Amino acid sequence: MRPIEFELQRTIRAPIEEVFARLIDIEGYNDWMAGSGSMLNSTRQTSPGEPTVGTTFVDETSQGEMPGEIAELERPHTIVFHWWEESKPGKLKFEGWPSYHLEPSGDAETLVRHGGKLMPYGVWRLARPILRRLALKERTTTLDALKASFERTPGV
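Under the working numbering, residues 1109 to 1264 are what the sequence shown spells out, in order.
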C-alpha cells in the first residue's frame, strides 16, 4: 500500500538561513509551536550535539510519546524528519516523514515546501481518509505556526 502524501507551500519573510535554523532547532519548536493548536505538546532532543542526520528526539503529543530522528539534512535547503508510533507489543502503527524544502524567494524571503508523508500499518490502513485529513490539518498548523513565528512583533 502506498503512503499518504501531500505538499503545502508558504512564503516566509525571512532569509533561508534563518528559516532553516528555526527548523533544525528541535527544542525551539517548544517556543513557536506553543498555542498553535497542534497535537505537539513539547519536544526534546535525545541525542547529544548539533542536529544532523541521525539526531534523535521525542515528541510529547496529545496521542502520547513519539520517537523520531533526522533522516535527511542538506543545509540550508532540506530537512526530513522521521517519526513512528508502535503498539505496546512493538508493532508499527504509523510512520511519518515530514519534510521541508527551502528556496530563496525574492529579497529576504524563503519559499517553504512542506511535504507530509504518512504510512499506516495493519488495521490503521482502513482509516486512510481520516488519517489524511488529520495529517493535513497537523502539517498545515505546523507550517502556519512557522510562518507566524517570523511575523510576530518583538515584545508582543
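Just so it is clear, CB atoms sit at the ideal spot from N, CA and C, and this is done for glycine as well. Everything numeric in this text was worked out from a predicted model, so none of it was measured.
Is it buried or exposed, P1156, if we count other Cβ atoms within 10 angstroms and call 16 or more buried?
exposed
Spatial neighbours of V1264 within its chain, please: CB distance less than 7 Å, with the 5 preceding and 5 following residues excluded, ordered by chain position.
Summary for V1264: the model assigns pLDDT 48, below 50, so the residue's position carries little reliability; its value from the coordinates is reported in the next sentence. So the list is empty, once near-sequence residues are dropped.
Relative to the alpha-carbon of E1211, which residue among L1242, S1257, P1184 and P1111 has its alpha-carbon at the smallest distance?
P1184
Are three or more beta carbon pairs between the segment 1156 to 1173 and the segment 1205 to 1224 nearer than 8 Å?
no
Kindly confirm or deny that the segment 1196 to 1211 and the segment 1133 to 1144 touch, where touching means at least three C-beta pairs closer than 8 Å.
no
Identify every residue that forms a DSSP beta bridge with L1200.
E1194
Is P1159 near I1132, with beta carbons less than 9 Å apart?
A contact, by the Cβ cut-off of 9 Å.
Output the boundary residues of the alpha helix (DSSP H) element that contains Y1137.
Counted as a single uninterrupted DSSP element, the alpha helix (DSSP H) harbouring Y1137 occupies residues Y1137 to W1140.
Let me confirm a value: R1110 is counted as buried when at least 16 other C-beta atoms fall within 10 Å, else exposed. Which label applies?
exposed
So, is G1204 buried or exposed, given that buried needs 16 or more other C-beta atoms within 10 angstroms?
buried
From L1234 to A1216, what does the alpha carbon distance come to, in whole angstroms?
Distance between the alpha carbons of L1234 and A1216 is about 44 Å.
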